[in-house]
Amino acid sequence: MTSKRGHATGSVQFGHSAERPFVKIAFLIAAAIAVLAIVAFLGLVLYGRTTGWETATRSADQGAYDFAASPRSATDNDALACSEGLCEKPDIILPKPSEDAQAAFAELAHRIATETDDVERVDDGADPAYRRYVVRTPLIRFPDTVDIRWSPEGWRAMSRSLIGRSDLGANEARLRRWFGQSQWPS
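My numbering applies: residue 1 is where the sequence shown begins, and numbers increase by one.
Here you go:
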């Protein structure tokens, strides 16, 4: 049956007009999620970059690294540097230091001071042959923990990221800079 204008009467029509509210709702939900994600990211970058990665249950400092056990990350998220024979499968081979611990760390501290990253010493200072630092990247402020142990036999250093599955080579590059690696083979 049709009306005077040629439209069917007595039947329900389904089509584009019935689907549009669902499409609009889905679009609005997706847009709201995107806006919230952008606002959260900007809030983290602008306000809570340093503390944003730390919570009541997680500190930026990952604690002392156990060089004897030498655990490595399951992902590409750390770098190990050692003098010859002191570590299994190091990413970087470091020279044997000729100085005592105090002199060796003084030279290393000079290189660390030239870093553009935010570097904070976090160990308690009780062991003169050990240093631990939390290093935060410039933009997003990702925290990495760097452990350095000196002995007369050589250096041991581990740089490891707290956040992410890959550091894109940042930890290895940091250790190379800190130890002046450009002159040493790996």
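Each residue gets a CB set at the ideal place from its N, CA and C atoms; glycine is no exception.
In this text, all values refer to a predicted model and were calculated from it rather than measured experimentally.
_Let's see if you can read the secondary structure: which residues bound the beta strand (DSSP E) around Glu120?_
Asp118 to Arg121
*Apply the 10 Å Cβ neighbour rule to Ala79 and answer buried if 16 or more other Cβ atoms are within range, or exposed otherwise.*
buried
_Beta carbon of Ala69 nearer than 8 angstroms to that of Arg132_ = no
_Span separating the alpha-carbon of Ser209 from that of Lys24_ = Outside the shown range of the chain (1 to 186) lies residue 209, about which nothing can therefore be said.
*Determine contact between the region 168 to 177 and the region 92 to 112, defined as no fewer than three beta-carbon pairs at a distance below 8 angstroms.*
yes
_For Arg72, tell me which candidate among Gln181, Val119, Ser159 and Gly164 has the shortest Cα-Cα distance._
Ser159
*Is Gly43 close to chain B, meaning its C-beta is less than 8 angstroms from at least one C-beta of that chain?*
No chain B appears in the structure shown, which is made up of a single protein chain.
*If you follow the beta strand (DSSP E) that Ile148 is part of, which residue opens it and which one closes it?*
Pro143 to Ser151
*asked:* Excluding the 5 residues flanking Ser186 on each side, which residues of the same chain have their C-beta closer than 6 angstroms to its C-beta?
replied: Annotation note: pLDDT 47 at Ser186 (below 50); position unreliable, coordinate value reported separately. Closer than 6 angstroms at Cβ, skipping near neighbours: Ile92 and Ile93.
*With distances taken from CA atoms, which of Val146, Val134 and Ala129 is nearest Glu153?*
Ala129
*Cα-Cα separation between Asp124 and Phe22, rounded to whole angstroms*: 59 angstroms
*asked:* My output table needs one value for Gly43: the three-state DSSP class, helix, strand or coil.
replied: helix
*Nearest-angstrom Cα distance between Phe41 and Ile29?*
18 angstroms
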